[in-house]
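Note sheet for the following structure.
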Amino acid sequence: MSLLLKNGKVINVETGEVEESSILIQQDQIVNVGNLDEEADDVIDLDGKYVIPGLIDMHCHIKERFAHLFTAAGVTTVRNTAGNVMELRDMIEAPNNAQTPRIYSADRLIDGPPGLWGPTSPYSFNASEPDEARLEVQRQANAGAQFIKVYGWLSPEIMKVVVDESHKHGLEVSCDLIHSSKVNALQAAQMGVKWFEHNSGVIQAIYPGWFPSTDQDFLIDWEQPDLEKLQEVCQQLLKHDVYMCPTTVVFDQANHASSHWNSDERFSDDSLRNIWDQMSQYKDELKDQLGIQTEYLKAITKTYYDLGGTIVAGTDTPGGVWTYPGMALHRELELLVESGLTPFQALQCATTTAARSINKDEIGVVSTGKIADLLVLNSNPLDDIRYTKDIDTIIKGGAVYNQEKLLNYKLDEDLSDQKLDAFIQEFEQSLSC
Numbered sequence: 001m002s003l004l005l006k007n008g009k010v011i012n013v014e015t016g017e018v019e020e021s022s023i024l025i026q027q028d029q030i031v032n033v034g035n036l037d038e039e040a041d042d043v044i045d046l047d048g049k050y051v052i053p054g055l056i057d058m059h060c061h062i063k064e065r066f067a068h069l070f071t072a073a074g075v076t077t078v079r080n081t082a083g084n085v086m087e088l089r090d091m092i093e094a095p096n097n098a099q100t101p102r103i104y105s106a107d108r109l110i111d112g113p114p115g116l117w118g119p120t121s122p123y124s125f126n127a128s129e130p131d132e133a134r135l136e137v138q139r140q141a142n143a144g145a146q147f148i149k150v151y152g153w154l155s156p157e158i159m160k161v162v163v164d165e166s167h168k169h170g171l172e173v174s175c176d177l178i179h180s181s182k183v184n185a186l187q188a189a190q191m192g193v194k195w196f197e198h199n200s201g202v203i204q205a206i207y208p209g210w211f212p213s214t215d216q217d218f219l220i221d222w223e224q225p226d227l228e229k230l231q232e233v234c235q236q237l238l239k240h241d242v243y244m245c246p247t248t249v250v251f252d253q254a255n256h257a258s259s260h261w262n263s264d265e266r267f268s269d270d271s272l273r274n275i276w277d278q279m280s281q282y283k284d285e286l287k288d289q290l291g292i293q294t295e296y297l298k299a300i301t302k303t304y305y306d307l308g309g310t311i312v313a314g315t316d317t318p319g320g321v322w323t324y325p326g327m328a329l330h331r332e333l334e335l336l337v338e339s340g341l342t343p344f345q346a347l348q349c350a351t352t353t354a355a356r357s358i359n360k361d362e363i364g365v366v367s368t369g370k371i372a373d374l375l376v377l378n379s380n381p382l383d384d385i386r387y388t389k390d391i392d393t394i395i396k397g398g399a400v401y402n403q404e405k406l407l408n409y410k411l412d413e414d415l416s417d418q419k420l421d422a423f424i425q426e427f428e429q430s431l432s433c
């Protein structure tokens with residue numbers, strides 16, 4: 001099957017140029033872009049609408065029951081930063097034109113005891129000894145993890161073991177140091193950690209001894225970041241070529257829990273809304289531990305970007321409160337612009353830069369030979385980044401998707417429960433082998 005998108009305005013996310021072009025797609029690939037006089041099985045006249053690559057959410061925690069909502073928002077690829085690759089296997093192995101986003105995934109996070117998220121489970125592993133940390137990395141590598149995620153309660157000694165073992169398997173390491181009192185960003189970078197989720201560990205590097213839940217907040221001017229110290233830390237991080245994923249949206253939502261940004265409620269489900277409603281009852285705690293950091297995160301983003309560092313766009317969906325699947329990434333792009341990036345630079349963080357950072361050269365741009373993940377917009381997002389939400393057409397792997405139909409899709413709950421039970425049983429059996 002072939003599809004011709006004619007009379008569009010293609011945004012080159014590598015140069016910022018906008019060119020009037022048509023796009024020829026065969027199966028799941030773009031085979032030609034330009035002033036085309038081609039025939040195709042299906043033709044869509046874009047009538048001057050704008051075309052960008054499908055968006056990439058570089059930090060989320062995806063589940064099958066709401067996976068289609070990412071695609072409905074034009075997010076065609078996600079980086080799953082902790083979960084369980086066995087549970088996600090069907091979606092990971094799905095064809096390019098599936099209605100769920102393609103997934104680049106870590107396995108369960110590796111933390112230190114007693115574990116911020118509780119005891120060892122299918123979704124987290126608490127390591128206190130070097131050998132068990134090595135074995136867990138080996139297990140995850142064999143299970144198909146594409147990178148390793150470490151958490152803030154891990155000791156420096158065990159974190160270094162995890163990093164070294166991961167590198168033996170050709171896997172990069174991602175860290176969440178929000179709650180870490182033991183390791184800061186500079187120390188983690190020196191160990192060989194590549195990815196810094198939530199821009200975390202930087203504040204601890206500037207203010208040694210601080211971490212959420214301490215009573216030292218009076219030492220930090222959260223509204224006026226210390227730019228001189230921040231510049232010094234970011235320059236040191238740049239020497240290690242680390243990648244930063246701010247996920248500003250999860251902090252901003254916590255900072256405004258009683259008057260937060262809202263999306264179309266259809267980009268959620270009853271389960272997510274119930275969780276968010278429960279969490280929003282603790283709005284003061286959310287603001288004190290997460291929301292208060294928002295302006296500092298923006299300053300980290302702008303400082304590191306201006307130095308030439310890599311910034312990618314992620315959301316932590318469905319973490320925190322009201323991080324709507326898919327739509328939270330559009331809000332994150334707005335917050336990147338608020339941080340000081342231009343709309344073009346922000347768009348790169350969710351397209352070409354994101355794809356390149358995970359070595360997925362087949363996505364992230366609109367050009368010949370790439371996978372046909374496309375988002376057709378009614379207005380130019382280079383004029384206003386909020387226009388990424390003004391979606392006309394979604395194309396994933398060459399398949400045209402209707403946003404309304406995706407939003408109305410409901411997963412069979414009984415089937416979902418059966419699959420969860422089967423996964424738990426299979427996972428437990430795999431550990432005994």
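With full-length UniProt numbering applied, the sequence shown covers 1 to 433. We treat Cβ as the ideally placed atom computed from N, Cα and C, and that holds for glycine. Note that the structure is predicted; figures quoted are calculated from it, not measured.
Express the C-alpha separation of I424 and residue 502 in angstroms, rounding to a whole number. Residue coverage of the chain in this structure runs from 1 to 433, which leaves residue 502 outside it and unanswerable.
Considering M91, what are the terminal residues of the alpha helix (DSSP H) in which it resides? Position 91 of the sequence shown, counted from the first residue, corresponds to residue 91. 89-92 is the extent of the alpha helix (DSSP H) around M91.
Keeping to the same chain, check which residues put their C-beta closer than 6 Å to that of D90; ignore five residues upstream and five downstream. Within the sequence shown, numbered from 1, the residue matching residue 90 stands at position 90. Closer than 6 Å at Cβ, skipping near neighbours: no residue.
Helix, strand or coil: which one does DSSP assign to W261? Counting from 1 along the sequence shown, the entry for residue 261 is found at position 261. DSSP places W261 in coil when its eight states are reduced to three.
Do you know how far the Cα of D270 is from the Cα of S200? The residue you call residue 200 lines up with position 200 of the sequence shown. The residue you call residue 270 lines up with position 270 of the sequence shown. A direct Cα-Cα distance of roughly 31 Å separates S200 from D270.
Which partner residues does L109 have in the DSSP bridge list? For the purposes of this step, residue 109 is taken as residue 109 along the sequence shown, with counting starting at 1. According to DSSP, which records beta bridges pairwise, L109 is partnered with S124.
Can you grab the Cα-Cα spacing for the pair D45 / K6, in whole Å? Position 45 of the sequence shown, counted from the first residue, corresponds to residue 45. Position 6 of the sequence shown, counted from the first residue, corresponds to residue 6. Whole-angstrom Cα-Cα distance: 5 Å.
So L186 is in the alpha helix (DSSP H); what residue range does that whole segment cover? By one-based count along the sequence shown, residue 186 stands at place 186. Note, L186: alpha helix (DSSP H), 185-191.
Given H198 as reference, the closest of S174, T100, L406 once Cα atoms are compared: Indexing the sequence shown from 1 puts residue 198 at position 198. Comparing C-alpha distances from H198 to each of S174, T100, L406 shows the shortest one belongs to S174.
Residue from Q26, I56, L4 with nearest C-alpha to residue 446: Since the first residue of the chain shown is 1 and the last is 433, residue 446 is not available in this structure.
Could you have a look at N274 and say whether DSSP puts it in helix, strand or coil? Sequence index remark: in the sequence shown, residue 274 carries index 274 (1-based). It is helical.
Would you call the region 145-156 in contact with the region 104-111, where contact means no fewer than 3 C-beta pairs closer than 8 Å? Segment contact: the region 145-156 against the region 104-111, three or more CB-CB distances shorter than 8 Å; contact assigned.
Taking 7 Å as the cut-off, decide whether the C-beta atoms of V376 and D392 are in contact. Residue mapping note: residue 376 aligns to position 376 of the sequence shown, counting from 1. Residue mapping note: residue 392 aligns to position 392 of the sequence shown, counting from 1. Yes, the pair counts as a contact, with Cβ atoms nearer than the cut-off.
Between the C-alpha atoms of L382 and L329, what's the straight-line distance to the nearest angstrom? Locating residue 382 in the sequence shown gives position 382, counting from the first residue. Locating residue 329 in the sequence shown gives position 329, counting from the first residue. Cα-Cα distance, rounded: 16 Å.
As assigned by DSSP and simplified to three states, the class of M159: By 1-based counting over the sequence shown, the position of residue 159 is 159. Correct three-state label for M159: helix.
Name the DSSP bridge partner or partners of K149? Locating residue 149 in the sequence shown gives position 149, counting from the first residue. As computed with DSSP, K149 is found in a beta bridge with S174.
Identify which residue in F251, L230, M191 has its Cα closest to the Cα of Y207. Counted from its first residue, the sequence shown places residue 207 at position 207. Scanning F251, L230, M191 for the CA closest to the CA of Y207 turns up L230.
DSSP state of S416, grouped into three classes? Taking the sequence shown and counting its residues from 1, the one referred to as residue 416 is at position 416. Note: S416 maps to helix in three-state DSSP.
Report yes or no: do the region 329-342 and the region 281-291 share at least 3 C-beta pairs separated by less than 8 Å? Contact fails: fewer than three Cβ-Cβ distances are below 8 Å.
With burial defined as no fewer than 16 other Cβ atoms inside 10 Å of the residue's Cβ, what is the status of M244: buried or exposed? Mapped onto the sequence shown, residue 244 falls at position 244. That one is buried.
Alpha carbon of A205 to alpha carbon of V365, nearest angstrom: On the sequence shown, residue 205 is found 205 positions in, with the first residue counted as 1. On the sequence shown, residue 365 is found 365 positions in, with the first residue counted as 1. Approximately 36 Å, taken between the alpha carbons.
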